[in-house]
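Asks: Submitted below is the structure of interest, expressed as structure tokens.
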Amino acid sequence: MNLASWFAKSDRYDGIRPINIYAMRVIYCLMVFVLGAEVWGYIFSYTGRWGENDAVAWSVWAAFSVLALVGIFRTVEMIPVLLLEIVYKVLWLILVVYPLWRSNELVGSGVEETAFAFGLVILPILAMPWGYVFNRYVMGRSRS
12 MNLASWFAKS
22 DRYDGIRPIN
32 IYAMRVIYCL
42 MVFVLGAEVW
52 GYIFSYTGRW
62 GENDAVAWSV
72 WAAFSVLALV
82 GIFRTVEMIP
92 VLLLEIVYKV
102 LWLILVVYPL
112 WRSNELVGSG
122 VEETAFAFGL
132 VILPILAMPW
142 GYVFNRYVMG
152 RSRS
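Basically my numbering = 1-based index in the sequence shown + 11.
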């Protein structure tokens with residue numbers, strides 16, 4: 012496979028460029044190994060009774076790691092998982108981080124570390140085959 016073929020639309024991947032497929036697989040791997048290790052380690056080592064909101068959050072993140080494992084092998088079919096990740100992280104950055112940043116209160120705040128982690132949402136944004144997403148999910152076409 013030459014370099015130019017990485018950027019050409021591929022029939023193998025429903026018209027998505029291989030570079031996007033490989034980039035999404037990297038994102039899925041990060042979700043499995045980084046997020047999954049943290050989440051499942053926390054869940055299995057947790058003692059005591061779960062609070063309702065904490066249980067929801069940890070369950071959703073655990074589900075993300077499981078679906079990301081599927082995404083490594085079924086990359087195109089799991090695009091909605093990445094879309095959900097993009098939407099919830101961007102919304103959180105807008106609703107929580109942006110006001111703190113505007114008022115110069117972000118640095119040293121309790122959300123600074125999470126803001127950095129959520130700022131990495133740029134990776135799935137760059138990996139996403141936006142033309143395919145628009146044609147498939149907005150226009151309802153099966154092929155981009």
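All C-beta atoms, glycine included, are put in the ideal place defined by N, C-alpha and C.
Please read these numbers as outputs of a predicted model, since none were measured by experiment.
Can you round the beta-carbon distance between W69 and I83 to whole angstroms, since I take them to be within the 8 Å contact cut?
Replies: Numbered from its first residue, the sequence shown carries residue 69 at position 58. Numbered from its first residue, the sequence shown carries residue 83 at position 72. About 22 Å separates the two Cβ atoms, so there is no contact after all.
Asks: Looking only at C-alpha atoms, which of T86, G119 and S114 sits nearest to V144?
Replies: Residue mapping note: residue 144 aligns to position 133 of the sequence shown, counting from 1. Ranking the options by Cα distance to V144, first place goes to T86.
Asks: Pop quiz: S76 and L46 are said to be a contact at Cβ under 8 Å. What is the actual Cβ separation, rounded to whole angstroms?
Replies: Looking up residue 76 in the sequence shown gives position 65. Looking up residue 46 in the sequence shown gives position 35. Their Cβ separation, rounded to whole angstroms, is 5 Å, which keeps S76 and L46 in contact under 8 Å.
Asks: Counting only beta-carbon separations shorter than 9 Å, does P91 have a partner in chain D?
Replies: The displayed structure is made up of one protein chain only, and chain D is not part of it.
Asks: Report the start-end ranges of each alpha helix (DSSP H) in the segment 22 to 67 that is 4 residues or longer and not cut off at the edges.
Replies: Counting only runs of 4 or more, we get 29 to 41 and 47 to 56.
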